[in-house]
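With full-length UniProt numbering applied, the sequence shown covers 1 to 246. Where a beta carbon is used, it is the ideal one built from N, C-alpha and C, also for glycine. Written below as structure tokens is the structure these notes are about.
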Amino acid sequence: MSDDAEAPTDGVYVGLFSGGKDSSWAVYQALEAGLPVERLLTVHPAGDSYMYHVPETRLARLAAESIGLPLTEVEPDDFAASETVDSGEQGDTELEPMERALEAIAAETPLAGVTAGAVESEFQTSRIEAMCDRLGIELFAPLWQEDPRELAEAMLDAGFEITILQVAAAGLDESWLGRTLDHEALAELERLNEEYGVHILGEGGEFETFVTDGPHMARPIELTYDTEWEGTRGRIRVTDARLGDE
């Protein structure tokens with residue numbers, strides 16, 4: 001695994017992509033490093049997932065269009081959590097459709113590697129690393145084990161516009177739904193980290209995000225949505241999404 005890769009002489013990179021801030025930052029950093037990212041890959045989970053960002057993954061289509069890269073979308077079988085399946089087995093099962101999709105891409109064009117937005121999750125990263133070993137490709141993971149606050153500040157300083165789609169943690173109430181993740185929000189998340197242990201980047205599933213604009217995107221994405229609140233957790237339900245003016 002590398003967070004400082006050099007452009008290979010042969011093969012392309014595929015961005016493992018949900019449209020959220022972490023996978024978007026990994027793609028952006030790969031492009032800035034000169035890696036030949038020529039495709040994005042999104043897996044649409046059928047239910048709760050140990051491996052993937054879940055809410056509003058269909059927005060990845062608009063994000064890919066704005067970035068200017070083709071998108072491969074994977075519709076896996078229902079791998080929602082079951083009482084009879086432990087987390088490790090479910091994680092392995094969830095990875096299978098992604099690996100099959102990468103094998104299909106590799107059959108069409110030489111594949112050099114993938115980008116991933118993992119920060120601290122050994123559960124996710126170890127499985128993606130093992131997959132890359134099986135496929136004989138590199139893993140570019142520029143967020144891996146970096147300081148969460150510094151990463152968040154770097155995203156904002158680069159011009160990322162980030163919307164919070166879902167929250168599920170103590171201290172995060174309905175007012176966070178649809179909120180822009182800006183410097184003020186980061187200061188509040190730092191306080192919630194100290195008080196409740198909320199991860200500043202939401203690495204533990206405390207919140208999920210979508211990048212509506214950034215330096216690698218030609219046009220911003222405009223969202224219209226409703227909010228759904230269930231007492232201790234909630235999400236926005238996008239009713240319309242479109243590319244805005246350049």
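Proximity below 9 angstroms, CB of residue i to CB of residue j
| i | j | result |
| --- | --- | --- |
| residue 119 | residue 22 | yes |
| residue 238 | residue 162 | no |
| residue 42 | residue 71 | yes |
| residue 33 | residue 140 | yes |
| residue 143 | residue 117 | yes |
| residue 101 | residue 135 | no |
| residue 160 | residue 25 | yes |
CA nearest to the CA of residue i, picked from the options
| i | options | result |
| --- | --- | --- |
| residue 245 | 164, 217 and 61 | 217 |
| residue 63 | 34, 209 and 229 | 209 |
| residue 166 | 35, 228, 25 and 12 | 228 |
| residue 114 | 20, 31, 226 and 224 | 31 |
| residue 66 | 194, 133 and 28 | 28 |
| residue 38 | 61, 25, 20 and 13 | 13 |
| residue 56 | 20, 24 and 15 | 20 |
| residue 127 | 15, 93, 187 and 24 | 93 |
| residue 145 | 125, 45 and 137 | 125 |
| residue 150 | 180, 187 and 194 | 187 |
Residue i to residue j span [Cα, whole Å]
| i | j | result |
| --- | --- | --- |
| residue 59 | residue 69 | 14 angstroms |
| residue 172 | residue 233 | 8 angstroms |
| residue 236 | residue 152 | 22 angstroms |
| residue 185 | residue 222 | 20 angstroms |
| residue 169 | residue 220 | 29 angstroms |
| residue 10 | residue 112 | 7 angstroms |
| residue 164 | residue 189 | 12 angstroms |
| residue 225 | residue 175 | 14 angstroms |
| residue 199 | residue 130 | 26 angstroms |
| residue 178 | residue 73 | 25 angstroms |
| residue 97 | residue 104 | 11 angstroms |
| residue 138 | residue 75 | 24 angstroms |
| residue 44 | residue 61 | 12 angstroms |
| residue 99 | residue 15 | 13 angstroms |
| residue 230 | residue 243 | 30 angstroms |
| residue 182 | residue 133 | 37 angstroms |
| residue 180 | residue 195 | 22 angstroms |
| residue 95 | residue 197 | 28 angstroms |
beta-carbon residue i near the ligand ADP non-hydrogen atom, thresh 8 angstroms
| i | result |
| --- | --- |
| residue 71 | By its list of ligands, the structure shown contains no ligand whatsoever, and the ligand ADP lies outside what it can speak to. |
CB-CB length for residue i against residue j, believed under 8 angstroms
| i | j | result |
| --- | --- | --- |
| residue 148 | residue 192 | Actually they do not touch by this definition, with Cβ atoms about 13 angstroms apart. |
| residue 203 | residue 121 | 6 angstroms |
| residue 17 | residue 40 | 4 angstroms |
| residue 215 | residue 154 | Not really, about 12 angstroms apart at Cβ, beyond 8 angstroms. |
Of all the beta strand (DSSP E) runs that stay within the bounds of the region 136–223, which reach a length of 3 or more residues? Qualifying beta strand (DSSP E) stretches, in chain order: 138–140, 161–167 and 207–213.
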